[in-house]
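I have placed the structure first, in the form of structure tokens, so that the comments after it can refer back to it.
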Amino acid sequence: MIRIVFIISLLLTTNISFAVSKHLKAVYEEHCASCHSSNRLGGMGPALLPGNLKRLKKKKAVDVIADGRAATQMPGYADKISKKDIQALVDYVYTPLPYIPKWGMNEINKSHLIHFKAGSLSDKPIFKADMLNLFIVVELGDHHATVLDGDKFEPIHRFKTRFALHGGPKYSPDGRYVYFASRDGWVSKFDIYNLKTVAEIRAGINTRNLAISGDGKFVLVGNYLPHSVVILDAENLNPIKVIPVKDKNGKSSRVSAVYAAPPRNSFIVALKDIPEVWEIYYNDKHEPIYNGLVHDYRHKEGIADTSSFPIRRIELDDYLDDFQFDQSYTHLMGAARNAKNGQVVNLDIRRKVADLELTGLPHLGSGITWEYKGRTVMATPNFKKAEVSIIDMKTWKTIKRIKTLGPGFFMRSHENSKYAWADVFFGPNNEAVHIIDKETLEIVKTLKPAPGKNAAHVEFDRYGKHVVLSVWDMDGELIIYDAETLKEIKRLPMKKPSGKYNVYNKINRSAGTSH
Ligand code: DHE
Numbered sequence: 000m001i002r003i004v005f006i007i008s009l010l011l012t013t014n015i016s017f018a019v020s021k022h023l024k025a026v027y028e029e030h031c032a033s034c035h036s037s038n039r040l041g042g043m044g045p046a047l048l049p050g051n052l053k054r055l056k057k058k059k060a061v062d063v064i065a066d067g068r069a070a071t072q073m074p075g076y077a078d079k080i081s082k083k084d085i086q087a088l089v090d091y092v093y094t095p096l097p098y099i100p101k102w103g104m105n106e107i108n109k110s111h112l113i114h115f116k117a118g119s120l121s122d123k124p125i126f127k128a129d130m131l132n133l134f135i136v137v138e139l140g141d142h143h144a145t146v147l148d149g150d151k152f153e154p155i156h157r158f159k160t161r162f163a164l165h166g167g168p169k170y171s172p173d174g175r176y177v178y179f180a181s182r183d184g185w186v187s188k189f190d191i192y193n194l195k196t197v198a199e200i201r202a203g204i205n206t207r208n209l210a211i212s213g214d215g216k217f218v219l220v221g222n223y224l225p226h227s228v229v230i231l232d233a234e235n236l237n238p239i240k241v242i243p244v245k246d247k248n249g250k251s252s253r254v255s256a257v258y259a260a261p262p263r264n265s266f267i268v269a270l271k272d273i274p275e276v277w278e279i280y281y282n283d284k285h286e287p288i289y290n291g292l293v294h295d296y297r298h299k300e301g302i303a304d305t306s307s308f309p310i311r312r313i314e315l316d317d318y319l320d321d322f323q324f325d326q327s328y329t330h331l332m333g334a335a336r337n338a339k340n341g342q343v344v345n346l347d348i349r350r351k352v353a354d355l356e357l358t359g360l361p362h363l364g365s366g367i368t369w370e371y372k373g374r375t376v377m378a379t380p381n382f383k384k385a386e387v388s389i390i391d392m393k394t395w396k397t398i399k400r401i402k403t404l405g406p407g408f409f410m411r412s413h414e415n416s417k418y419a420w421a422d423v424f425f426g427p428n429n430e431a432v433h434i435i436d437k438e439t440l441e442i443v444k445t446l447k448p449a450p451g452k453n454a455a456h457v458e459f460d461r462y463g464k465h466v467v468l469s470v471w472d473m474d475g476e477l478i479i480y481d482a483e484t485l486k487e488i489k490r491l492p493m494k495k496p497s498g499k500y501n502v503y504n505k506i507n508r509s510a511g512t513s514h
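In numbering that gives the first Met the number 0, the protein residues as written are 0 to 514.
Written out as structure tokens, the structure reads:
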């Protein structure tokens, strides 16, 4: 009798939970799957798995679904999904998947596509233009990229990219090749001289970005899923090494982003779930040079791996999500979750050397630097606050907070321009772009070039004479301005052009742009 009751109640429970999960699955499919994918492994949005949600408390996750998440494309669903379903969705995404696909060396190798082997295409450009004054424009709207002539501002070639590129594409040191990473893990190498995609490989399931070594030989890819960094040979994208990302106790972490630090012969890796930043040396024949002194890093503590690509761990007292370097690559200025909101890490002495006084959620990854009254300052937009902070890089004090019309995403300038440009990305004024005088630290002009449409992300040409601004819309455009008079020169229609990247400014690591 007891057994029968048990079986009936088990059946009932199974039926009820099955009914609930069917409904929930429909809610998930309707509202979440297009960005996070049906299998929760991520797409345009991150993977929704307990391992990737470690830093988000369940209660906070409820708020994120209801109200959206600052600095991301995640909208609020309070008016579309009931409170009960939001809670159920949270429980669902914190439940482990029965099986997480493996993405190791075998899987990466199998995905490898070589369309044109290195050396098989012409070494001379097949079109005429100043090859160092080209821009690559990423058109997120229909997953294309455009090669743009930076003198005439005419498109040269438009081509299909992988789905949802994210982060800046990176150039080879001579500017001939450009490497893209997509959120779903694809790395593509494009030959600008021949206007051809030459090789592709899937380095992860959910990828953050990539970096190219200063000698142009290696590509480093940082992943959210699996928790790994992958080293590829830059020539044909052959995979060389997969490094699982773990701390000394075996706790694994997502990778926030990877960067090249060419003067140090290294890559810098920012980690999301463990308070460490890694430096990976890509050329262990050349020891890194710090402040003119040659250090034998292999004999220093903190080196986790003395085989090729040794890792030097810098342990921190706080997570470092998002950062920028000084021009010498000695310091990195990163976001922190402490009350001050920012921290400065000296990569040579491997510790935090200062706090930064920043409010809200600074977007340091988009910060830029310039000379101001005999000292170097950095400027950073803010994801949560309507302000741009200016920080003295000697004292690390905030010397000015410039009020803006809303939280911003990107900033840009150029050594030859007296202006810095800062967009308003969030809120009702996201059509506005501010132009700041670098000498007075005042806003001198606010542009609203496409009323009602988000105008964001600028890049200068190689001479600092022209500025290219995006209107982020399916019926979007690039707007070209004279950088001195601030007068509009030309508009080019584009499909949601997100970032644009000038070859010369990138390969010379201009202080006014991202590296
Ligand atoms: Fe980005 C660069 C992280 C959301 C567009 N973004 C970067 C970089 C990082 C980063 C670490 C630098 C990598 C590089 O250039 O190699 N971005 C994050 C986030 O953590 C965040 C807030 C949440 C997320 O969804 O991952 C985020 N980013 C966005 C967007 O929602 C944007 C606006 C639209 C999109 O494409 O998803 C966006 N991010 C960009 C762009 C760059 C970028 C255009 C390159 C900027 C540059 O000029 O170099």
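Cβ atoms here follow ideal geometry from the backbone N, Cα and C, with glycine treated the same way.
By the beta-carbon neighbour count (other beta carbons within 10 angstroms, threshold 16), Val502 is buried. The nearest non-hydrogen atom of the ligand DHE is less than 8 angstroms from the C-beta of Asn208. With a 10 Å radius around the Cβ and a threshold of 16 neighbouring Cβ atoms, Val443 comes out exposed. Of the candidates Leu468, Thr512 and Lys505, Leu468 places its Cα closest to the Cα of Lys495. Set against 8 angstroms, the gap from the CB of Met43 to the closest heavy atom of the ligand DHE is smaller. Relative to the ligand DHE, the beta carbon of Gln342 is positioned no closer than 8 angstroms to any heavy atom.
Fully contained in the stretch 381-437 are the following beta strand (DSSP E) runs of length 3 or more, in chain order: 386-391, 397-402, 418-422 and 432-436. It is roughly 27 angstroms from the alpha-carbon of Phe189 to the alpha-carbon of His226. Put simply, the backbone Cα of Lys53 is about 44 angstroms away from that of Lys417. Between the C-alpha atoms of Ile239 and Leu231 there is a straight-line separation of about 5 angstroms.
Pairwise C-beta distances place the stretch 306-316 in contact with the stretch 334-352, as three or more of them are shorter than 8 angstroms.
Beta-bridge partners of Glu356 (DSSP): Asn340.
According to DSSP, Asn208 shares a beta bridge with Gly221.
Between the stretch 215-223 and the stretch 237-256, the count of Cβ pairs shorter than 8 angstroms is three or higher; the stretches touch.
Remark: the shortest separation between the CB of Thr160 and any heavy atom of the ligand DHE does not fall under 8 angstroms. DSSP, reduced to helix, strand and coil, places Ser119 outside both helices and strands of the structure shown, so it counts as coil. Of the candidates Arg161, Thr145 and Leu164, the residue whose Cα lies closest to the Cα of Ile155 is Thr145. Distances taken from the Cβ of Lys447 to the heavy atoms of the ligand DHE include none shorter than 8 angstroms. Here Ser265 is bridged, per DSSP, to Ala260 and Tyr280. Counted as a single uninterrupted DSSP element, the alpha helix (DSSP H) harbouring Val63 occupies residues Lys57 to Asp66.
Here the stretch 69-76 does not lie against the stretch 120-131, with fewer than 3 beta-carbon pairs under 8 angstroms apart. Taking Phe459 as reference, the option from Asp472, Asn453, Asp481 and Lys116 with the minimal CA-CA separation is Asp481.
Within the stretch 454-509, the complete beta strand (DSSP E) segments at least 3 residues long are 454-459, 465-470, 475-481, 487-493 and 496-501, listed from N- to C-terminus. DSSP places Val26 within a helical segment (H, G or I) once states are collapsed to three.
The three-state secondary structure of His35, taken from DSSP, is helix. For Thr379, the CB stays at least 8 angstroms from every heavy atom of the ligand DHE. Lys169 is not a Cβ neighbour of Tyr223, given a cutoff of 9 angstroms. Cβ contact annotation for Asp141 (same chain, cutoff 7 angstroms, sequence separation greater than five): Lys494, in chain order. Scanning Ile478, Met332, Ser497 and Asp148 for the CA closest to the CA of Arg490 turns up Ile478.
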